[in-house]
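Note that the numbering used here has the sequence shown beginning at 2, numbered continuously upward. Ideal Cβ positions, reconstructed from N, Cα and C, are used throughout, including at glycine.
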Amino acid sequence: MVAPLLKSALRSYESELAELERAGRKRFLRTVAGSQQAHIELDGRPVLLLCSNNYLGLAGHPRLRQAAAAAAAEDGCSSGASRLISGTMTLHDSLEKELADFKKSPSSLVFNSGYVANLAILTTLAGKGDVIYSDALNHASIVDGCRLSRAELKIYRHCDCAHLEEMLRSGGQTAGRRLIVTDSVFSMDGDLAPLPEIVALGRKYDALVVVDDAHATGVLGRSGRGATEYFGLDWRDLDVQMGTLGKALGSYGAYVAGAPVLREYLLNRARSFIYTTALPPAVLAASRAALAVLRDEPQRLEKLRQLGAFFREELRKLGFRVTDDPTPIIPVLVGPAAKTMELSAWFLEKGVFIQGIRPPTVPEGASRLRVTLSADLEFADLDRVLALFAERRRDFI
Ligand SMILES: Cc1ncc(COP(=O)(O)O)c(C=O)c1O
């Protein structure tokens, strides 16, 4: 039988994909056997994993596994519907209480993912007639939330508070609400937002401060509580704190912490909370266990910090330009996308998986190998990786 012709829309997708391939930008999936950990089997080969957000190594932790298994055995595999329809499960309530305690905040609300939480925050708390001030390097989920909100969008230069203030001032007395939104730890650069200054501007110009703590939760601050703990701020300073449970906390989902009115408003108005099935018991129980492990095993966070300081220092000795930020995200700039992907493939050939990051995730000409560390790694693992960086030193900026 003659194969049917592809419809024109499908043919257009095909040619767009071919274009992406030519530009070195085509994406594809690789298969990991087993849990996320430092040493994995990728597409059937053993490799060292240096691109997961499993910063504390909790994704495969026995206590999380046991908690998830026990919750599935006890409470089943699904929440059945939106919490507003079929009822909130006791595990949702317990997790939200524990997250509020963890964030030293009066309340919290759990969302199905960080992406969904950012859509909820921005589309619910701002709308037509309001203004959102957003850092130029904010995460894609914030960008999408801003676009969907229909608020006026003002993008300030990355971490530039003078530019932000100029915009806030020239905005005059808008009748609508004002929101300033920023990542606390920027996902592709691993640097920190100047939050104390942003908080001061929020007060001065009566703007709500929204912070995405996705890469700070479990990572920043003495006990991993995030940006507030690191900068000595509290929940009254950062009006809306969003964080994820699928990165350092090794589980899945996200939370928003803040004043009770915020929780109640989101619960009533946020479409991506109202119109979706809630997180299932196993995931909720794993998140609760992660908070307990974070408290009981502070050595994980300490090790992550030591690994980060060591890796940055050794890269610097080799002549690489790296920042000093206390985060496990360490980008090493290459420049062109195709070169970045060639280097990523070379590292993989040598048994080290470091994902190359290209446009549109980062600006044109700023492609990079983005190393992310995990407390699961050993210093000897990093010695091996550093030797590979040394070998290809001339291929980096
Ligand atoms: C800064 C930031 N915010 C939000 C998200 C989305 O979180 P999630 O993966 O839980 O959807 C991510 C990463 O995925 C992120 O890096």
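For the options Phe-187, Ser-106, Phe-112, Gly-25, the alpha carbon positioned closest to that of Ser-135 is the one of Phe-187. When secondary structure is reduced to three states using DSSP, Ile-133 falls in the strand class. Rounded to whole angstroms, the gap between the alpha carbons of Phe-29 and Ile-122 is 30 Å. Judged by beta-carbon spacing, Ala-72 lies within the 9 Å limit of Ala-287, meaning their Cβ atoms are closer than that value. Cα atoms of Gln-37 and Arg-31: separation of roughly 13 Å, rounded to the nearest angstrom. Ligand 1 approaches Ser-142 closely enough that one of its heavy atoms is under 8 Å from the residue's Cβ.
Per the C-alpha coordinates, the member of Arg-313, Pro-332, Phe-397 positioned closest to Asp-384 is Arg-313. Per DSSP, Ser-95 is one residue of the alpha helix (DSSP H) stretching across 91-103.
A heavy atom of ligand 1 is found nearer than 8 Å to the CB of His-216.
DSSP places Glu-153 inside the beta strand (DSSP E), whose first and last residues are 153-157. Taking every protein chain shown into account, the CB of Val-386 has 16 or more other CB atoms within 10 angstroms, so this residue is buried. In the structure shown, the three-state DSSP call for Phe-397 is coil.
Under the DSSP definition of a beta bridge, Ser-108 partners with Gly-259. Within the chosen limit of 8 Å, ligand 1 reaches the beta carbon of Val-117 through at least one heavy atom. The closest CA to that of Leu-50, considering only Leu-18, Ala-391, Leu-370, is found on Leu-370.
Secondary structure in the region 220-294: the beta strand (DSSP E) runs of 3 residues or longer, each lying completely within the stretch, are 241-245, 255-259 in chain order.
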